[in-house]
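K.L.:
Numbering follows full-length UniProt numbering, with no gaps: position 172 of the sequence shown is 172.
Pasting a structure here, questions to come.
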Amino acid sequence: MAVDMATRLDRVLGAKTAKAMAEQLELYTVRDLLRHYPRRYAKRGEMTRLDDLQVGDRVTVLAQVRKVATRKMRNRPGTLTEVTVGDGAGSMQLVFFNRRHANLREGAWGLFAGTVGEYRRSKQFAHPDCHLITGDDDTDWARALIPIYPASKDVSSWVIQKSVRLLLDASGGFGFVEDPLPEELRTRHGLPSLAAALLDIHRPTSDDDVERAGYRLKWDEALTLQLTLAARRRAAALEPGIARPRRPGGLLDAVDAALPFALTDGQCAVGEELAAELAREQPMHRLLQGEVGAGKTVVALRAMAQVVDAGGQAALLAPTEVLAAQHARSIGAMLGPLGRAGELDGDPAGTRVVLLTGSQKAAARRQGRAAVADGSAGIVVGTHALLQEGVDFADLGLVVIDEQHRFGVEQRDALRAKGNRPPHVLVMTATPIPRTVAMTVYGDLETSTLRQLPGGRGGVASSVVPVRDKPAWLDRAWERLREEVAAGRQAYVVCPRIGEDAATEEEPDDADGAPAGEGSDRRPPLAVLDVAEDLRAGPLAGLRLEVLHGRMTPEDKEARMRAFAAGEVDVLVATTVVEVGVDVPNATVMVVMDADRFGVSQLHQLRGRVARGRHQGLCLLVSEASAPSATGQRLAAVAGTSDGFELARLDLETRREGDVLGAAQSGRRSGIRMLSLLEDEQLIAEARTEATALLATDRGLADFPGLAVEVAALATDERAEYLEKA
Numbered sequence: 001m002a003v004d005m006a007t008r009l010d011r012v013l014g015a016k017t018a019k020a021m022a023e024q025l026e027l028y029t030v031r032d033l034l035r036h037y038p039r040r041y042a043k044r045g046e047m048t049r050l051d052d053l054q055v056g057d058r059v060t061v062l063a064q065v066r067k068v069a070t071r072k073m074r075n076r077p078g079t080l081t082e083v084t085v086g087d088g089a090g091s092m093q094l095v096f097f098n099r100r101h102a103n104l105r106e107g108a109w110g111l112f113a114g115t116v117g118e119y120r121r122s123k124q125f126a127h128p129d130c131h132l133i134t135g136d137d138d139t140d141w142a143r144a145l146i147p148i149y150p151a152s153k154d155v156s157s158w159v160i161q162k163s164v165r166l167l168l169d170a171s172g173g174f175g176f177v178e179d180p181l182p183e184e185l186r187t188r189h190g191l192p193s194l195a196a197a198l199l200d201i202h203r204p205t206s207d208d209d210v211e212r213a214g215y216r217l218k219w220d221e222a223l224t225l226q227l228t229l230a231a232r233r234r235a236a237a238l239e240p241g242i243a244r245p246r247r248p249g250g251l252l253d254a255v256d257a258a259l260p261f262a263l264t265d266g267q268c269a270v271g272e273e274l275a276a277e278l279a280r281e282q283p284m285h286r287l288l289q290g291e292v293g294a295g296k297t298v299v300a301l302r303a304m305a306q307v308v309d310a311g312g313q314a315a316l317l318a319p320t321e322v323l324a325a326q327h328a329r330s331i332g333a334m335l336g337p338l339g340r341a342g343e344l345d346g347d348p349a350g351t352r353v354v355l356l357t358g359s360q361k362a363a364a365r366r367q368g369r370a371a372v373a374d375g376s377a378g379i380v381v382g383t384h385a386l387l388q389e390g391v392d393f394a395d396l397g398l399v400v401i402d403e404q405h406r407f408g409v410e411q412r413d414a415l416r417a418k419g420n421r422p423p424h425v426l427v428m429t430a431t432p433i434p435r436t437v438a439m440t441v442y443g444d445l446e447t448s449t450l451r452q453l454p455g456g457r458g459g460v461a462s463s464v465v466p467v468r469d470k471p472a473w474l475d476r477a478w479e480r481l482r483e484e485v486a487a488g489r490q491a492y493v494v495c496p497r498i499g500e501d502a503a504t505e506e507e508p509d510d511a512d513g514a515p516a517g518e519g520s521d522r523r524p525p526l527a528v529l530d531v532a533e534d535l536r537a538g539p540l541a542g543l544r545l546e547v548l549h550g551r552m553t554p555e556d557k558e559a560r561m562r563a564f565a566a567g568e569v570d571v572l573v574a575t576t577v578v579e580v581g582v583d584v585p586n587a588t589v590m591v592v593m594d595a596d597r598f599g600v601s602q603l604h605q606l607r608g609r610v611a612r613g614r615h616q617g618l619c620l621l622v623s624e625a626s627a628p629s630a631t632g633q634r635l636a637a638v639a640g641t642s643d644g645f646e647l648a649r650l651d652l653e654t655r656r657e658g659d660v661l662g663a664a665q666s667g668r669r670s671g672i673r674m675l676s677l678l679e680d681e682q683l684i685a686e687a688r689t690e691a692t693a694l695l696a697t698d699r700g701l702a703d704f705p706g707l708a709v710e711v712a713a714l715a716t717d718e719r720a721e722y723l724e725k726a
């Protein structure tokens, strides 16, 4: 049968297997399957450290049967079969109810796949999938290295391995694979052909095979990413914008004069950088990253004022209505009468600040859109509503995007397209980005960094509360919270879920195992509505306690935040809706429930919501994870440092690359499978140089159709939006 990379899997594997792969692993074509690389390789007799497994992990282990025991169950009819397996380093139980496995005999080796559970403080698999390795089995199992693939409930690692083998047999090898990399480039960097690399990654005979193949496949990923970004850089450079030079005596000078505090040296330096770029015709494309609370919003406001002075408009896109409303309020407060031109108490020399959100009443939305269209609104703040048809700018000169990781490239481009000429673009993030990520993901953006925090901040002390090992510590946590409230201050309690047994877009990534709902034995994450009820009736009884979450109406959310900011609420029990931008200087305590369900950077973001005034802050990370576990160590590291850049590096060390970049979670395709942003900085830099050179010729990629196909495949993958997410 003729096979190529675009061949559908049902033609090779049959409808049933192909359907399962499509639904659970999003593998549709031969290309998808061959690019689904093994997660690791098992070696029979080698220590694979069963002891390192975490409850909730979905894993495949290679182990030997040590003991099999079947007995009648005491409290219900039927039998219970307990099988002890070991790997030379540790052991665990396999449990089967009313099922006997005749082949599970002492001494047998096998692959066992399932979700790690716990019973009486011992790890176990309940009803795992089993594949025993026998003399009659496929010769693949006798190989020195057995590939273990990212798998799913119904598509096990051995099904994927047999599918690759079937593909090999059906095609007579991987001879059909055309190499997208130019031969000259391969020779220059000592890279094997793609066909050889794919054969070695799926059927290696030695560790050297794996290393050599991995290096080549990393090049494919790095070069494709860099070509995509280089193409965007070239396209942006060919589109002239409009220079917006600084004008003395205008809105910017008035903003500087009205600021109640002195700018930090960092804010001044970045401000000069932005001012110089805004004064050029070539549109600015800049990423502003800074620690939580470093004052990015003031820097952005000064850039917006410069653009307004030059006759243009500035749009600020925020990820939530709560944050958009707060930005509009704080900008309005900083501008004072200068932000109310046309109103009775407004300064005619100023401009108007307009808020546009999806939940506004029709009349307010119409009025706002009219002010945007006629140019009287110089500063427009909004959510995704800014992207809708019917929002037309008179002269859009600057697009500011807050918390870039919440938006995809399509949304950024949609807002840029509303300018008569390409506007300047400033994207901001409070999640510090290591250089390798900046070079890989934000490759068409120049980067500015704010590290210096404004003076007068109290700082935050962080501690882990290990409730399983030390349950009394949680009682003390609630006592500390009450002490702060008694001193006139306020607190947040953050939970991963809203409640009412439904998932929500606000739930964080399950940082250490299978996402909730995918066969995990972990209990559901704690929910705002449940926790609030328990706290009202228990440890926080008598305090003014309210909830805040994404299912509330925008009016209710706004009212709740206003009440909290005004000091009318002592404790706000919330989801991650408070993660970014919420600024209540009197809030000094944050208790994060199920802290292990949040990522490192997300915990750092949340912690930044407290101690924004002069008082010392306290952040308590509540978790059932034990201190020696990988999760416990990760939380201890977060508690041990307030340096966001150090934590960003920890993020890279402890999480999958795709997770760091905001791509889909396990079982989903991601443009980065092999490339390590922590370890492959030199390779990424070389790929960036090669990509720039390839696109510098008159014909671009026209002479390299294979590369053009790879770039197109990445660009059309809906999950590739993590590419310079902005």
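Glycine residues also receive a C-beta, built at the ideal position from the N, C-alpha and C atoms.
Buried or exposed for residue 180, please, with buried defined as at least 16 other CB atoms from any protein chain shown within 10 angstroms of its CB.
P.N.:
By the 10 Å Cβ count, residue 180 comes out buried.
K.L.:
Following the continuous alpha helix (DSSP H) through residue 604, name the residue where it begins and the one where it ends.
P.N.:
Unbroken alpha helix (DSSP H) run through residue 604: 600-607.
K.L.:
Taking residue 39 as the reference, which of 691, 158, 297 and 466 has the closest Cα?
P.N.:
Checking every option, the nearest Cα to that of residue 39 belongs to 158.
K.L.:
Under the three-state reduction of DSSP, which class applies to residue 360: helix, strand or coil?
P.N.:
If DSSP states are grouped into helix, strand and coil, residue 360 belongs with coil.
K.L.:
How many whole angstroms separate the CB atoms of residue 382 and residue 351, which I take to be in contact at a CB cut-off of 8 Å?
P.N.:
Not quite, the Cβ-Cβ distance comes to about 16 Å (not below 8 Å), so this is no contact.
K.L.:
Do residue 539 and residue 479 have their beta-carbon atoms positioned less than 9 Å apart in this structure?
P.N.:
Yes, Cβ-Cβ distance for residue 479 and residue 539 is below 9 Å.
K.L.:
Would you kindly check if the distance between the Cβ of residue 566 and the Cβ of residue 549 is under 9 Å?
P.N.:
Contact: no.
K.L.:
Can you tell me where the alpha helix (DSSP H) holding residue 226 begins and where it ends?
P.N.:
Element bounds for residue 226: 207-237.
K.L.:
Ignore the nearest five residues each way along the sequence and tell me which others in residue 5's own chain have a CB closer than 8 Å to its CB.
P.N.:
Here the set comprises 29, 30, 31, 34, 176, 177 and 178.
K.L.:
If you measure between the beta carbons of residue 495 and residue 593, is that distance less than 9 Å?
P.N.:
In this structure, residue 593 lies closer than 9 Å to residue 495 by Cβ.
K.L.:
Does residue 54 come out as helix, strand or coil in the three-state DSSP assignment?
P.N.:
Coil, per DSSP.
K.L.:
Looking only at its own chain, which residues have a Cβ that is under 8 Å from the Cβ of residue 119, when we skip the five neighbours before and after it?
P.N.:
93 and 95, listed in sequence order.
K.L.:
Check this for me: beta carbons of residue 609 and residue 643, under 9 Å apart or not?
P.N.:
Their beta carbons are not under 9 Å apart, which means residue 609 does not touch residue 643 by this criterion.
K.L.:
Below 9 Å between beta carbons: does that hold for residue 427 and residue 315?
P.N.:
Against a cut-off of 9 Å, the Cβ pair of residue 315 and residue 427 comes out as no contact.
K.L.:
What is the rounded straight-line gap between the Cα of residue 272 and the Cα of residue 483?
P.N.:
Taking the straight line from one Cα to the other gives about 44 Å.
K.L.:
Give the DSSP-derived three-state secondary structure of residue 448 in the structure shown.
P.N.:
In this structure, residue 448 counts as strand in the three-state DSSP scheme.
K.L.:
Write down every uninterrupted run of the alpha helix (DSSP H) in the stretch 127-200 whose length is 4 residues or greater and which is fully enclosed by it, in chain order.
P.N.:
Entirely contained in the stretch 127-200, the alpha helix (DSSP H) runs reaching 4 residues are, in chain order, 157-171 and 183-189.
K.L.:
Quick test of your reading: residue 397 and residue 424, contact by CB under 8 Å. State the CB separation rounded to the nearest angstrom.
P.N.:
That pair is a contact at about 6 Å.
K.L.:
Would you please state the rounded distance, in angstroms, between the beta carbons of residue 491 and residue 485? I believe it to be under 8 Å.
P.N.:
That belief holds up - the Cβ atoms of residue 491 and residue 485 are roughly 6 Å apart, short of 8 Å.
K.L.:
Could you have a look at residue 67 and say whether DSSP puts it in helix, strand or coil?
P.N.:
Strand.
K.L.:
Should residue 385 be labelled buried (16 or more other beta-carbon atoms within 10 Å of its own) or exposed?
P.N.:
The residue is buried, with at least 16 neighbouring Cβ atoms inside 10 Å.
K.L.:
Determine, using beta carbons only, whether residue 464 and residue 636 come nearer to each other than 9 Å.
P.N.:
Cβ atoms of residue 464 and residue 636: closer than 9 Å.
K.L.:
Since residue 618 contacts residue 588 with CB under 8 Å, what's their CB separation in whole angstroms?
P.N.:
Indeed, because the Cβ distance is near 6 Å, the residues count as touching under 8 Å.
K.L.:
Here's the rule I'm using: 16 or more other beta-carbon atoms within 10 Å means buried, otherwise exposed. How should residue 291 be labelled?
P.N.:
With 16 or more Cβ atoms within 10 Å of its Cβ, residue 291 is classed as buried.
K.L.:
Tell me whether the beta-carbon of residue 279 lies closer than 9 Å to the beta-carbon of residue 244.
P.N.:
Yes, they are a contact pair.
K.L.:
Tell me, please, whether the stretch 240-254 touches the stretch 292-310 by the rule of three or more beta-carbon pairs shorter than 8 Å.
P.N.:
Verdict: yes, contact present.
K.L.:
To which residues does DSSP link residue 466 through a beta bridge?
P.N.:
Residue 466 is bridged to 623.
K.L.:
On the three-state DSSP scale, how would you describe residue 82?
P.N.:
DSSP places residue 82 in strand when its eight states are reduced to three.
K.L.:
Is the CB-CB distance between residue 387 and residue 415 below 9 Å?
P.N.:
It is a contact, given that the beta carbons lie within the stated cut-off.
K.L.:
Taking DSSP as the reference, what is the three-state secondary structure of residue 92?
P.N.:
Strand, per DSSP.
K.L.:
Mind checking residue 413: buried by the 16 CB within 10 Å criterion, or exposed?
P.N.:
Exposed.
K.L.:
Leaving out the 5 sequence neighbours to the left and right, which residues in its chain are closer than 7 Å to residue 11 when beta-carbon positions are compared?
P.N.:
Once the five neighbours on either side are set aside, residue 11 has no close Cβ partner at all.
K.L.:
Hey, residue 82 and residue 675: beta-carbon distance below 9 Å or not?
P.N.:
Not a contact, by the Cβ cut-off of 9 Å.
K.L.:
Express the C-alpha separation of residue 564 and residue 545 in angstroms, rounding to a whole number.
P.N.:
Roughly 10 Å between the two C-alpha positions.
K.L.:
Can you grab the Cα-Cα spacing for the pair residue 150 / residue 373, in whole Å?
P.N.:
Taking the straight line joining both Cα atoms gives about 51 Å.
K.L.:
Since residue 546 is in the beta strand (DSSP E), which residue starts that stretch and which ends it?
P.N.:
Run containing residue 546: 545-548, per the beta strand (DSSP E) assignment.
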